[in-house]
Amino acid sequence: MAEAKEVGIGELLRHLSDLFDKDAERIYAGMDLGVHYRARYTPIIRAFDGEPLSIGDLHDRIRVTQGAISQTVKLMKEAGLLVPVKASDQRVSRVDLTPLGREIKARLTAEWELHIGVISELEAAIGTPLRAALGETINSLESTSYLDRIEKKRREANK
166 MAEAKEVGIG ELLRHLSDLF DKDAERIYAG MDLGVHYRAR YTPIIRAFDG EPLSIGDLHD
226 RIRVTQGAIS QTVKLMKEAG LLVPVKASDQ RVSRVDLTPL GREIKARLTA EWELHIGVIS
286 ELEAAIGTPL RAALGETINS LESTSYLDRI EKKRREANK
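So the working numbering is basically just the index in the sequence shown, starting at one, shifted up by 165.
Encoded structure:
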């Protein structure tokens with residue numbers, strides 16, 4: 166009989182994200198938003214506060230890779246949620262919410278508050294401040310990368 170292997174952090178995080186996103190997308194589909202709204206749009210829409218943003222601005226606000234942001238921005242443009250904006254500095258392209266994007270953000274703001282409340286209840290039910298733990302983990306890895314930690318462990322093992 167094969168020995169059970171320990172599940173890796175990446176597998177757990179992807180599965181957790183899939184569980185949240187799958188149900189969030191079912192909720193959004195039932196809200197008649199006028200567009201196929203994907204859960205991956207939420208961090209980007211929430212990042213807008215009245216001014217156009219560049220990919221770099223979005224990266225700084227939501228801490229997702231610039232590649233993932235670029236892909237999502239492309240999808241959101243195609244869905245009619247974002248529009249390119251001419252900037253004074255032509256080297257930096259910016260996007261802004263379209264009227265539909267602003268309308269959807271306004272409609273979803275209360276929904277997102279409800280989701281945050283449910284996550285708070287989930288954290289209480291499992292007895293773990295999940296968002297705080299994930300935030301601390303991110304901060305720690307930004308301070309000392311996973312790669313640096315692995316290399317240190319290898320050096321220690323080779324002594």
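All C-beta atoms, glycine included, are put in the ideal place defined by N, C-alpha and C.
inquiry  = For a quick check, are the C-beta atoms of Val250 and Pro217 less than 8 Å apart?
reply    = Within the sequence shown, numbered from 1, the residue matching residue 250 stands at position 85. Within the sequence shown, numbered from 1, the residue matching residue 217 stands at position 52. With contacts defined by Cβ atoms closer than 8 Å, Val250 and Pro217 form a contacting pair.
task = In the DSSP assignment, find the unbroken alpha helix (DSSP H) run with Val172 in it and report its ends.
result = Within the sequence shown, the letter at position 7 stands for residue 172. According to the DSSP assignment, Val172 belongs to no alpha helix (DSSP H), since it is labelled neither H nor E.
query = So Leu262 packs on Leu246, CB below 8 Å; how close in whole Å?
reply = Locating residue 262 in the sequence shown gives position 97, counting from the first residue. Locating residue 246 in the sequence shown gives position 81, counting from the first residue. Going by Cβ atoms, the distance from Leu262 to Leu246 rounds to 7 Å, so yes, they are a contact pair.
message = Assess contact between the stretch 183 to 202 and the stretch 213 to 231, defined as three or more Cβ pairs (one per stretch) separated by less than 8 Å. Is contact present?
response = No: the two stretches stay apart, fewer than three of their Cβ pairs being nearer than 8 Å.
key: First and last residue of the uninterrupted alpha helix (DSSP H) at Asp261   = Locating residue 261 in the sequence shown gives position 96, counting from the first residue. Looking at the DSSP string, Asp261 is not in any alpha helix (DSSP H); the run it does join, the beta strand (DSSP E), is 259 to 262.
query = If we ignore side chains and look at the alpha-carbon of each, how far apart do Trp277 and Ile210 end up?
reply = Walking along the sequence shown from the start, residue 277 turns up at place 112. Walking along the sequence shown from the start, residue 210 turns up at place 45. Going from the Cα of Trp277 to the Cα of Ile210 covers about 11 Å.
message = Rounding to the nearest angstrom, what Cα-Cα distance links Thr274 and Arg259 in this structure?
response = The residue you call residue 274 lines up with position 109 of the sequence shown. The residue you call residue 259 lines up with position 94 of the sequence shown. For Thr274 and Arg259, the distance between alpha carbons rounds to 23 Å.
ask   = Based on the DSSP secondary-structure assignment, which residues constitute the bridge partners of Leu218?
value = Taking the sequence shown and counting its residues from 1, the one referred to as residue 218 is at position 53. For Leu218, which the question treats as bridged, DSSP gives the partners Val260.
Cutoff 7 Å; reference Pro208; Cβ partners in own chain excluding five residues on either side = The count along the sequence shown starts at 1 and reaches residue 208 at position 43. Ile227, Val229.
query = Less than 8 Å separating the beta-carbons of Glu190 and Ala212?
reply = Indexing the sequence shown from 1 puts residue 190 at position 25. Indexing the sequence shown from 1 puts residue 212 at position 47. Contact flag unset, no.
query = Cβ atoms of Tyr193 and Thr237: under 8 Å apart, would you say?
reply = Along the sequence shown, one-based indexing puts residue 237 at 72. Along the sequence shown, one-based indexing puts residue 193 at 28. Cβ distance not < 8 Å, so Thr237 and Tyr193 don't count as in contact.
query = Roughly how many angstroms lie between the CA atoms of Leu265 and Ile174, to the nearest whole one?
reply = Here residue 265 refers to the residue found at position 100 of the sequence shown. Here residue 174 refers to the residue found at position 9 of the sequence shown. C-alpha separation (whole angstroms): 37 Å.
message = Taking the straight line between their C-alpha atoms, what separation do you get for Lys170 and Asp188?
response = As a position in the sequence shown, residue 170 is number 5, starting the count at 1. As a position in the sequence shown, residue 188 is number 23, starting the count at 1. Roughly 28 Å between the two C-alpha positions.
Residues sharing a beta bridge with Pro249, DSSP = Here residue 249 corresponds to residue number 84 of the sequence shown, with the count starting at 1. Paired residue(s): Val260.
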